[in-house]
Each structure stands twice: as structure tokens, then as C-alpha cells.
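S.K.: Take the working numbering: the last position of the sequence shown gets the number 554, and nothing is skipped along the way.
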Amino acid sequence: MTKITFTAKAKTAPETIRSECLVLPVFQTASGSAAKPDIGSRLASRVADHLRLGDFKGASGSTVLITGDGSIKRIMLVGCGGKKKFDRFGQRRFAETVGRELSRLKAKEATVNLQGVALSADALAQTLEDLASQVVTACYVYDRTLTKTVEKPALRKVVIISDGTLSPAKSKTAVATGEALGLGANLARELGNTPGNICTPRFLSKQARQLAKTHKALKTSILDEAKMRELGMGSLLSVGHGSDEPSQLIVMEYRGGKAKDRPYALVGKGITFDTGGISLKPGPKMDEMKFDMGGAASVFGTLHAIASMELPINVVGVVAAAENMPSGRATKPGDVVKSLSGKTIEILNTDAEGRLVLCDALTYVGRYKPVEVVDIATLTGAIIVSLGHEACGVFANDDDLADALLQAGEKSHDRGWRMPIWDDYQRQLDSRFADMQNIGTGTAGSVTAACFLARFAEDYKWAHLDVAGTAFRSAPKGATGRPVPMLVQYLRARAGG
Ligand code: BES
Ligand code: MN
Ligand code: ZN
Numbered sequence: 058m059t060k061i062t063f064t065a066k067a068k069t070a071p072e073t074i075r076s077e078c079l080v081l082p083v084f085q086t087a088s089g090s091a092a093k094p095d096i097g098s099r100l101a102s103r104v105a106d107h108l109r110l111g112d113f114k115g116a117s118g119s120t121v122l123i124t125g126d127g128s129i130k131r132i133m134l135v136g137c138g139g140k141k142k143f144d145r146f147g148q149r150r151f152a153e154t155v156g157r158e159l160s161r162l163k164a165k166e167a168t169v170n171l172q173g174v175a176l177s178a179d180a181l182a183q184t185l186e187d188l189a190s191q192v193v194t195a196c197y198v199y200d201r202t203l204t205k206t207v208e209k210p211a212l213r214k215v216v217i218i219s220d221g222t223l224s225p226a227k228s229k230t231a232v233a234t235g236e237a238l239g240l241g242a243n244l245a246r247e248l249g250n251t252p253g254n255i256c257t258p259r260f261l262s263k264q265a266r267q268l269a270k271t272h273k274a275l276k277t278s279i280l281d282e283a284k285m286r287e288l289g290m291g292s293l294l295s296v297g298h299g300s301d302e303p304s305q306l307i308v309m310e311y312r313g314g315k316a317k318d319r320p321y322a323l324v325g326k327g328i329t330f331d332t333g334g335i336s337l338k339p340g341p342k343m344d345e346m347k348f349d350m351g352g353a354a355s356v357f358g359t360l361h362a363i364a365s366m367e368l369p370i371n372v373v374g375v376v377a378a379a380e381n382m383p384s385g386r387a388t389k390p391g392d393v394v395k396s397l398s399g400k401t402i403e404i405l406n407t408d409a410e411g412r413l414v415l416c417d418a419l420t421y422v423g424r425y426k427p428v429e430v431v432d433i434a435t436l437t438g439a440i441i442v443s444l445g446h447e448a449c450g451v452f453a454n455d456d457d458l459a460d461a462l463l464q465a466g467e468k469s470h471d472r473g474w475r476m477p478i479w480d481d482y483q484r485q486l487d488s489r490f491a492d493m494q495n496i497g498t499g500t501a502g503s504v505t506a507a508c509f510l511a512r513f514a515e516d517y518k519w520a521h522l523d524v525a526g527t528a529f530r531s532a533p534k535g536a537t538g539r540p541v542p543m544l545v546q547y548l549r550a551r552a553g554g
């Protein structure tokens with residue numbers, strides 16, 4: 058993606074603004090009409106003429122584009138609803154609307170005038186951040202495998218003018234933070250959207266090495282199949298057994314904190330394609346299983362974002378990458394494998410493969426003595442039944458960690474909802490031929506999947522995010538970049554704000 062530059066400015070007389078597109082927030086009056094925005098004398102009459110028509114009422118999320126003049130080519134009015142109701146949600150919606158509409162224009166530059174909106178310093182910082190991240194994500198276009206020309210956003214430069222409630226340094230940090238978050242989410246989307254014949258486990262390894270080249274504080278190491286066999290990762294290896302693509306355990310260490318600080322750990326499910334294996338999935342929509350590395354993609358995206366932000370903490374990202382295929386060598390229902398923890402697993406359904414790669418990655422990450430471990434996985438179709446595409450499932454063996462993730466989700470509007478992992482569900486995993494089986498007995502599929510993982514996360518504070526409903530969309534088909542915003546916010550909060 059071509060870079061977009063963001064500049065935060067304070068106090069500029071509207072008359073002196075020159076722009077290809079001047080964006081003006083417009084509030085709604087008590088009588089339901091649009092209030093006149095502060096635009097200075099020169100173009101004020103043109104805006105007033107338009108508002109008098111009464112088409113545009115300033116409703117939240119609505120927009121109208123007016124032709125300007127020589128120095129301000131376009132004026133974009135963006136409805137913000139009632140001024141009293143312009144809360145965090147309204148402010149976020151404003152940023153989202155601006156991003157979406159600017160990405161559709163031919164304008165290379167735009168100036169957003171927030172003067173007169175009277176935001177508190179905190180709200181302004183958040184809005185600057187939101188504007189930058191929303192513009193960056195709105196301008197993302199997938200074109201890796203297209204030879205036909207796709208129209209790309211023309212936008213290269215965004216200037217945001219505010220009242221000066223925030224110091225120039227803080228304004229600059231806010232837009233830079235938003236930009237980093239947007240680019241992190243876009244990286245996750247790009248990896249998710251890339252088809253399974255290109256985005257293989259080894260492709261993900263290459264991405265990890267590339268990320269380490271981009272960020273000095275990031276180090277990557279890869280465990281290949283021989284190394285994993287030596288360690289005893291029989292569960293992870295059983296998933297890629299039917300595939301010609303070798304499995305990979307990708308470890309990325311971000312060192313932004315002190316050398317002695319224990320790291321936070323992110324563990325991502327990286328199934329680059331999930332056919333179901335011998336327990337083959339039905340045909341319709343099977344293509345969507347290229348998104349089954351969405352958890353892994355969010356680990357890449359989050360590390361990219363926090364490394365750009367230079368968060369003062371240590372984070373280790375582990376990606377368990379494999380391709381789940383049927384073949385003469387593939388794992389069969391009834392096979393028993395031995396995990397890195399030493400526990401044996403009866404694989405009754407080869408389509409419940411995510412937990413099989415994650416359990417070994419969870420055991421492995423224990424050697425880093427992590428403060429907290431969060432795994433992220435497109436783990437179960439059942440979570441879509443429970444929570445739809447709005448929230449991801451949050452499972453945790455620690456209430457404080459669960460709350461931190463839920464709060465981070467609220468703040469970033471990338472929300473999760475807590476689900477139980479009570480012992481009452483564990484008996485569904487009892488097996489006659491191994492220490493446990495890899496599926497439950499039919500009910501609460503997301504919970505029994507999380508209960509399976511919990512057995513490998515007993516030594517540390519751990520949470521599991523089931524993102525099967527939120528990491529990608531079926532229409533328009535594509536990766537969403539979630540839960541990068543939640544994870545980045547969680548780590549920012551852990552780093553002290
Ligand atoms: N990758 C799927 C889960 C999934 C389903 C993600 C739909 C995104 C959309 C996972 O590996 C899977 O197949 N889970 C099974 C588990 C079952 C066999 C116990 C499922 O959810 O059906
Ligand atoms: Mn599966
Ligand atoms: Zn899967």
C-alpha cells in the first residue's frame with residue numbers, strides 16, 4: 058500500500074486553509090436540522106446554501122460532498138448527530154465515516170477541521186488516533202493475485218487541525234499510534250486474504266523473517282519438523298502429516314522492555330488451509346478455510362503495530378503453522394498421538410485440528426515464563442452460533458486477564474464476550490484410549506474446545522480468543538484484521554497506557 062502521511066496541526070484560520078477536500082464535522086440541532094459548521098467567510102455561504110436545501114440533516118454517519126472553489130476543491134460535510142450525544146461511539150463513527158468516504162475520492166490530500174468541536178484532551182487524542190487508523194484501513198486494497206486493474210484510493214496526505222487542546226508532541230504520537238494500528242490490522246488482513254496455495258506455513262515463516270528485518274527490536278526463529286519431532290510435538294505434527302507442506306513453529310520475540318522483564322505471549326493458530334483432513338469438510342464455502350490462519354495473522358499484525366509504537370514491554374509471538382490435508386499419510390480418526398506435554402490425545406475428528414497445533418504451542422511457550430498468555434484461533438464454528446460476527450469468545454483461567462481483554466475490546470470497539478471453561482464440561486473430553494479425546498460429545502463445542510486447551514495452560518495465566526466469527530467476513534469476502542485492535546489495546550494497557 059502506498060504510504061499516507063498524517064499531520065496534526067493546531068489553530069488555523071479556516072479562511073487560510075487550502076485543500077483538495079476539507080472535511081467538516083456537522084452536528085444536529087435539537088430541531089433535527091444541521092447546525093452551520095465554522096468554515097470562515099469565504100465558503101460559508103456555499104455551505105449555508107446547501108444546508109438550506111434541508112437534504113443533509115447532520116445525522117451520525119451521513120455525509121454530503123459539495124463542490125468548493127480554487128483553493129478548497131471539495132467540502133465534505135460529515136454528520137455527527139447531536140452534540141451532547143457525541144460520545145466515544147459517535148467520535149469513532151465519525152472517524153470511520155471519514156476514512157470510508159475519503160478512500161472513495163480522487164483527492165490526494167484532505168484536511169479535517171476539528172476546530173470548534175470542543176473535545177477533551179483525551180477524546181481528541183483518541184479521535185486523532187481513530188482518524189489515522191480508520192483512514193489507513195479504509196484505503197487497504199487486496200491486489201496480490203489480480204492482474205486486472207483495481208481502482209486504488211488516491212489519498213496520500215491527511216492534515217488534521219484541532220483547537221490546540223493537545224500538545225503538538227501528543228498529537229503527533231496519537232496519529233502515529235493510529236497509523237501503526239491501521240498498518241498492523243492491514244498486515245493481518247493481507248495475510249488472511251492471500252490464498253492457501255501462496256500463504257503456506259513456510260510463507261508465514263518468510264513473513265516473520267521479513268518482520269524482523271523491519272523492526273530492530275524483533276527477532277524471529279523457526280522450528281522445522283525435524284526440530285519439532287526431536288522436542289516431541291506429536292500433536293502439532295499430526296495435523297500436517299497429510300500435507301506436502303511442512304509444518305512450522307514460528308517464534309517472534311519483541312524486546313521493547315527491560316532485558317529481565319518476563320514477556321507477554323501471543324499464540325496464534327496458523328492453519329493455512331483447513332480441509333478437515335480425513336474428516337473432510339463439505340464443499341460449499343470450503344475456500345473460506347484459507348482464513349484459518351486468522352489467529353496467526355493477528356499475532357503478526359499486533360507485533361508489527363506494537364513494534365512501530367515501541368511499546369516498553371517484551372512480547373513473544375508464537376505461530377503454530379500447518380496445512381490440514383487428507384492423504385495416504387494423513388492422521389485418521391481413532392489415531393492416538395503424544396503431545397509435547399507428554400499427555401496422549403485420541404483424535405476422533407481430524408477437523409478439530411486447531412486445538413492439536415495450539416496445545417503443543419501452549420506447552421512450548423511455557424519456557425518463556427510468560428506473565429500472561431493469550432491464544433487467538435479461528436477455532437470453532439460453534440462460536441459463530443453463540444456470538445455471531447460481532448464479538449469473539451473470551452475464555453480465561455484468570456479473571457483479571459479476562460477483564461483486561463474485555464476492556465481492551467470495548468475501548469477499541471473490537472469486542473469480546475466471556476465464555477465459561479468450567480470443570481463440568483471437561484468430562485466430555487474423557488477417552489478410553491488416551492488421556493483425552495480431541496472433541497466433546499456434541500454440545501457447547503466452543504467451550505469444550507477451550508477446555509481442551511486449558512489442560513495445556515495450567516502453569517500460567519491464560520486466555521483464549523475464539524475468533525472464527527470475527528476474523529473474516531463472507532460478504533464481501535475478506536479478512537477483517539480483528540482482533541488486532543483488541544490485542545494492541547490490551548498490550549498498551551499492560552505497558553502502562
Ligand atoms: N477452522 C474450523 C473452525 C471454523 C469454522 C472457523 C467456521 C471459521 C469458520 C475448525 O478447525 C473446525 O473445523 N472446527 C470444528 C470442530 C468440530 C469438528 C468439533 C467445527 O467447528 O465444526
Ligand atoms: Mn477444522
Ligand atoms: Zn480449523
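Note that CB positions come from ideal geometry on N, CA and C, so glycine has one too.
So, is K347 buried or exposed, given that buried needs 16 or more other C-beta atoms within 10 angstroms?
M.R.: Taking every protein chain shown into account, the CB of K347 has 16 or more other CB atoms within 10 angstroms, so this residue is buried.
S.K.: Quick one: give me the first and last residue of the alpha helix (DSSP H) that Y421 is part of.
M.R.: 411-422
S.K.: Kindly list the residues whose CB is nearer than 7 Å to the CB of M382, restricted to its own chain and excluding five residues on each side of it in sequence; keep chain order.
M.R.: G299, S300, T332, G334
S.K.: Applying the criterion that 16 or more other CB atoms from any shown protein chain within 10 Å of the CB defines a buried residue, is V207 buried or exposed?
M.R.: exposed
S.K.: Taking the alpha-carbon of Q485 as reference, which of I370, I478, T498 has the nearest alpha-carbon?
M.R.: T498
S.K.: Nearer than 7 Å: is that true of the beta carbon of I132 relative to any heavy atom of the ligand BES?
M.R.: no
S.K.: Would you check if the distance between the CB atom of C78 and the CB atom of A211 is smaller than 8 Å?
M.R.: no
S.K.: May I ask you to check if the CB of E447 is nearer than 7 Å to at least one heavy atom of the ligand MN?
M.R.: no
S.K.: Check Q85 in the structure and name its three-state DSSP category.
M.R.: strand
S.K.: Keeping to the same chain, check which residues put their C-beta closer than 7 Å to that of P540; ignore five residues upstream and five downstream.
M.R.: S355, I433, C449, D471, L522, V524, T527
S.K.: Could you tell me the alpha carbon to alpha carbon distance between S503 and A409, rounded to whole angstroms?
M.R.: 11 Å
S.K.: Quick check on S295: does DSSP put it in helix, strand or coil?
M.R.: helix
S.K.: With respect to 7 Å, is the separation between the Cβ of A189 and the closest non-hydrogen atom of the ligand BES below this value?
M.R.: no
S.K.: Decide if the segment 316-332 is in contact with the segment 367-382; the criterion is three or more beta carbon pairs, one per stretch, under 8 Å apart.
M.R.: Because the criterion of three Cβ pairs below 8 Å is met, the segment 316-332 and the segment 367-382 touch.
S.K.: Assign N254 to buried or exposed, taking buried as 16 or more other Cβ atoms, counted over all protein chains shown, within 10 Å of its Cβ.
M.R.: exposed
S.K.: Relative to the C-alpha of G115, which residue among L122, K263, T86 is closest?
M.R.: T86
S.K.: Does the segment 157-165 come close enough to the segment 94-114 that 3 or more CB-CB pairs lie under 8 Å?
M.R.: no
S.K.: Tell me the rounded alpha-carbon separation between T388 and G535.
M.R.: 30 Å
S.K.: Does DSSP classify K468 as helix, strand or coil?
M.R.: helix
S.K.: Mind checking whether the beta-carbon of G333 lies closer than 7 Å to any heavy atom of the ligand MN?
M.R.: G333: yes, Cβ under 7 Å from the ligand MN.
S.K.: Would the beta-carbon of E282 fall within 8 Å of that of L294?
M.R.: yes
S.K.: Is P533 buried or exposed, if buried means 16 or more other CB atoms sit within 10 Å of its CB?
M.R.: exposed
S.K.: Taking the alpha carbon of K68 as the reference point, which residue from A175, A453, L261 has its own alpha carbon closest?
M.R.: Taking each of A175, A453, L261 in turn and checking the Cα distance to K68, the smallest one comes out for A175.
S.K.: If you scan the segment 424-504 from start to end, which runs of the alpha helix (DSSP H) of 4 or more residues do you find wholly inside it?
M.R.: 439-444, 456-469
S.K.: Using only Cβ atoms and a threshold of 5 Å, which residues come within that distance of a heavy atom of the ligand BES? Order them by chain position.
M.R.: D331, D349, N406, D408, A409, G411, T435, T437, G438, I496, A525
S.K.: For a test of your reading of the model: does the CB of I441 fall under 7 Å from any non-hydrogen atom of the ligand ZN? Yes or no.
M.R.: no
S.K.: Leaving aside the five residues before and after P477 along the sequence, list all residues of the same chain whose C-beta is less than 7 Å from its C-beta, in chain order.
M.R.: V504
S.K.: If we count Cβ pairs, one from each stretch, closer than 8 Å, do we get three or more for the segment 192-206 versus the segment 223-234?
M.R.: no
S.K.: Can you say whether P320 is buried or exposed, counting buried as having 16 or more other CB atoms within 10 angstroms of its CB?
M.R.: buried
S.K.: Do the CB positions of A242 and G358 come within less than 8 Å of each other?
M.R.: yes
S.K.: So is the beta-carbon of I279 under 7 Å away from any non-hydrogen atom of the ligand ZN?
M.R.: Outside the cutoff, so no.
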